[in-house]
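Chains as they are written, first to last, in the working numbering: chain D, 3 to 257; chain Z, 3 to 257.
All residues carry an ideal CB built from backbone N, CA and C; glycine is no exception.
Working notes, beginning with the structure itself.
Number of protein chains: 2
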Amino acid sequence: MRWRTVPRRKSLYWAMANPVPNPRKNLLLAALPATELKRLRPHLRPVHMDLGHVLYEPGRHLDHVYFPTDSIVSLLYVMEDGSSAEIAVVGDEGVVGISLFMGGETTPSRAVVQSAGNFFQLPGQALKTEFGRGGAMQHLLLRYTQALITQMAQTAVCNRHHSVDQQLCRWLLLSLDRLHGDELVMTQELIANMLGVRREGVTEAAGKLQDAGVIRYRRGHIKVLDRDHLEGLSCECYAVVKKETDRLLPYLHRQ
Amino acid sequence: MRWRTVPRRKSLYWAMANPVPNPRKNLLLAALPATELKRLRPHLRPVHMDLGHVLYEPGRHLDHVYFPTDSIVSLLYVMEDGSSAEIAVVGDEGVVGISLFMGGETTPSRAVVQSAGNFFQLPGQALKTEFGRGGAMQHLLLRYTQALITQMAQTAVCNRHHSVDQQLCRWLLLSLDRLHGDELVMTQELIANMLGVRREGVTEAAGKLQDAGVIRYRRGHIKVLDRDHLEGLSCECYAVVKKETDRLLPYLHRQ
DNA sequence: TTTCCTGTGTGCGCTGGCGCACGGTCCCGC
DNA sequence: GCGGGACCGTGCGCCAGCGCACACAGGAAA
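Structure below.
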């Protein structure tokens, strides 16, 4: 497990060849009333991050929060002996860095980019100010936090009771939901780190899924062919998290 | 797993034989400035609950939150097939029912009294009003919630990587910290339900601890004889949760 | 084209925890 | 004081997942 800790800068050329990002591509920001978003707007800065980039380290004070637009981030815990486990995934439905407004400023876990892409960066102070107003932003952040709690709790249960096969299905579904696609760029080794299992375990589980025609696997690329079947093979944990997330964050559907 | 779902009422005689409870025995309430506690005071009602009493069921709308004074509560998740796992423990350092102020109103987990004792019950509306003022109460509740999140995350990791032996140690330590004692009234069967393992697994682990002179076990009563040794046998998870809880909730020590 | 590294498939022995079953013992209530 | 039910101890076969080791393949860089 060696993650790059320095963001790779995109060239000016790259920046010019790409359109100006829109904050409303993050669904949490999109759910804000126009007046609140307008207040935040001057503080929001688009950034790009590659796979493996570390958004924050355990115990390290955070300066910013990050709103993913087309990327996903894993909150993962690395233990003394080097083994790791994912606690939760964050995509365009949420925000990375909740401990800033929760008051703790740091967490014992690490946030790592699991799928490269774009974010909006917001200074912690701006977030705290907006949160302190007690308006829509506070409301949204708290509900999102509860959804995150649900995900963590379910991860705990899943780790206890379900097989690697089932957990892989759950993990794929959660990730794909946040990417809004059917393809994932991810090695089996990395998936194993997230699930906290052996790489060989993932190889075997993925092999079964491929034989069943549910996914197609090719050297770091996973494509889901039969999503319904995948949901059927997953444990109940996926459905619980999805249902609860949809309940808590109805804005995910209000287009 | 059959929990009593109706609270056993204490007789008037019992009530008279017992002193009037003090809200400041709950450390979260104790940390409030006098003016805020005074505002809440008229709404706080002392209640007693027995082992196994269910404070709330998954998906059920909550009317009250509960501040334990000398009791502890397990947040646990029960799966479709009946197997269960504890997500976190709450004692006099916190409050049961965070989803009320987080905005979700319900959670997919269940809250069960793990050690009989007393609580202060507060109507949800009173809590929300106070939370909405954005004062000390909000601040405390959010920091407490973050501590709870840490505990859940660590539970997830622990479930993934550590042995039943280690987990039992962690669990005993977390529970005893919240009871401020060295004795626990709890059957091995119940501990097994909390940890989400077999009863026999707990029997074996507890046997080892007893042979090592760390605990003394007698039919539903556990007494810790050598706490330092117990901490040594536990996985890192206990220390992580304790350290983070102490950091987030310094009021636990301000007497 | 060749090289070489990264990623993937496979095999094997080991062990922790599971499911099941049954026997012993403590204590509560009649 | 004497059932009987709740609680605890133990044994056994089974298997998912682990650690390790090695062979093979895709693909990027030289």
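8 Å Cβ cutoff met for residue i and residue j
{"i": "Ile-117 of chain D", "j": "Val-187 of chain D", "result": "The sequence given here places Ser at residue 117 of chain D; Ile does not occur at that position. Cβ distance < 8 Å, so Ser-117 of chain D and Val-187 of chain D count as in contact."}
{"i": "His-66 of chain D", "j": "Leu-144 of chain D", "result": "no"}
{"i": "Ala-113 of chain D", "j": "Val-80 of chain D", "result": "no"}
{"i": "Arg-146 of chain D", "j": "Leu-30 of chain D", "result": "One detail in the question is off: residue 146 of chain D reads as Tyr in this sequence, not Arg. Cβ atoms of Tyr-146 of chain D and Leu-30 of chain D: closer than 8 Å."}
{"i": "Leu-142 of chain Z", "j": "Ala-241 of chain Z", "result": "no"}
{"i": "Arg-218 of chain D", "j": "Gln-212 of chain D", "result": "yes"}
{"i": "Arg-229 of chain Z", "j": "Gly-93 of chain Z", "result": "no"}
{"i": "Gly-119 of chain Z", "j": "Pro-70 of chain Z", "result": "yes"}
{"i": "Glu-107 of chain D", "j": "Leu-53 of chain D", "result": "no"}
{"i": "Tyr-58 of chain Z", "j": "Gly-105 of chain Z", "result": "no"}
{"i": "Gln-258 of chain Z", "j": "Ser-101 of chain D", "result": "Any answer about residue 258 of chain Z is impossible in this case: the structure gives chain Z only from 3 up to 257."}
{"i": "Ala-194 of chain D", "j": "Ser-111 of chain Z", "result": "no"}
{"i": "Phe-121 of chain D", "j": "Pro-25 of chain D", "result": "no"}
{"i": "Gly-137 of chain Z", "j": "Glu-206 of chain Z", "result": "no"}
{"i": "Val-243 of chain D", "j": "Leu-176 of chain D", "result": "yes"}
C-alpha distance - residue i paired with residue j, whole-angstrom precision
{"i": "Cys-171 of chain D", "j": "Gln-190 of chain D", "result": "13 Å"}
{"i": "Leu-178 of chain D", "j": "Glu-185 of chain D", "result": "7 Å"}
{"i": "Glu-202 of chain D", "j": "Ala-208 of chain D", "result": "10 Å"}
{"i": "Pro-23 of chain Z", "j": "Pro-48 of chain Z", "result": "7 Å"}
{"i": "Leu-250 of chain Z", "j": "Ala-214 of chain D", "result": "48 Å"}
{"i": "Ala-158 of chain Z", "j": "Leu-77 of chain Z", "result": "14 Å"}
{"i": "Leu-150 of chain D", "j": "Gly-96 of chain Z", "result": "20 Å"}
{"i": "Leu-174 of chain Z", "j": "Tyr-68 of chain D", "result": "38 Å"}
{"i": "Pro-60 of chain D", "j": "Val-216 of chain Z", "result": "32 Å"}
{"i": "Val-43 of chain D", "j": "Lys-27 of chain D", "result": "In the sequence on display, residue 43 of chain D carries Arg and not Val. About 13 Å."}
{"i": "Thr-109 of chain D", "j": "Met-139 of chain D", "result": "22 Å"}
{"i": "Leu-192 of chain Z", "j": "Arg-41 of chain D", "result": "52 Å"}
{"i": "Leu-129 of chain D", "j": "Asp-248 of chain D", "result": "24 Å"}
{"i": "Lys-210 of chain Z", "j": "Val-226 of chain Z", "result": "13 Å"}
{"i": "Glu-238 of chain Z", "j": "Val-204 of chain Z", "result": "19 Å"}
{"i": "Arg-200 of chain D", "j": "His-45 of chain D", "result": "42 Å"}
{"i": "Val-91 of chain Z", "j": "Glu-246 of chain Z", "result": "15 Å"}
{"i": "His-231 of chain D", "j": "Arg-62 of chain Z", "result": "31 Å"}
{"i": "Ser-236 of chain D", "j": "Asp-167 of chain D", "result": "8 Å"}
{"i": "Pro-252 of chain Z", "j": "His-223 of chain D", "result": "47 Å"}
{"i": "Glu-132 of chain D", "j": "His-182 of chain D", "result": "29 Å"}
{"i": "Met-196 of chain D", "j": "Met-196 of chain Z", "result": "25 Å"}
Local Cβ density within 10 Å of residue i, reported as buried at 16 or more and exposed below that
{"i": "Ala-36 of chain D", "result": "exposed"}
{"i": "His-163 of chain D", "result": "buried"}
{"i": "Gly-134 of chain D", "result": "exposed"}
{"i": "His-50 of chain Z", "result": "buried"}
{"i": "Gln-169 of chain Z", "result": "buried"}
{"i": "Met-3 of chain Z", "result": "Because the pLDDT at Met-3 of chain Z is just 39, under 50, the model does not fix this residue reliably, and the point stays unresolved."}
{"i": "His-55 of chain D", "result": "buried"}
{"i": "Arg-10 of chain D", "result": "Caution applies to Arg-10 of chain D, whose pLDDT of 47 falls short of 50 and renders its modelled position unreliable; the model cannot decide the point."}
{"i": "Gly-234 of chain Z", "result": "exposed"}
{"i": "Gly-198 of chain D", "result": "buried"}
{"i": "Val-8 of chain D", "result": "Its pLDDT being 40, under 50, Val-8 of chain D is placed unreliably by the model, and the measurement read from it follows with that caveat. Burial call: exposed."}
{"i": "Phe-103 of chain D", "result": "buried"}
{"i": "Glu-82 of chain Z", "result": "exposed"}
Residues bridged to residue i [DSSP beta-bridge criterion]
{"i": "Phe-121 of chain D", "result": "D:Val-49 and D:Pro-70"}
{"i": "Ser-76 of chain Z", "result": "Z:Val-91 and Z:Val-114"}
{"i": "His-223 of chain D", "result": "D:Val-187 and D:Arg-220"}
{"i": "Leu-58 of chain D", "result": "According to the sequence shown, residue 58 of chain D is Tyr rather than Leu. In the DSSP output, where bridge partners are listed per residue, Tyr-58 of chain D has D:Ala-113."}
{"i": "Val-98 of chain Z", "result": "Z:Tyr-68"}
{"i": "Ser-86 of chain Z", "result": "Z:Val-80"}
Residue i Cβ short of 7 Å to the ligand ADP heavy atom set
{"i": "Pro-110 of chain D", "result": "No copy of the ligand ADP occurs in the structure displayed, which carries no ligand at all."}
(message) Taking 8 Å as the cut-off, does the segment 83 to 93 of chain D touch the segment 143 to 162 of chain Z (at least 3 CB pairs, one atom from each stretch)?
(response) With the cut-off at 8 Å, the segment 143 to 162 of chain Z and the segment 83 to 93 of chain D touch.
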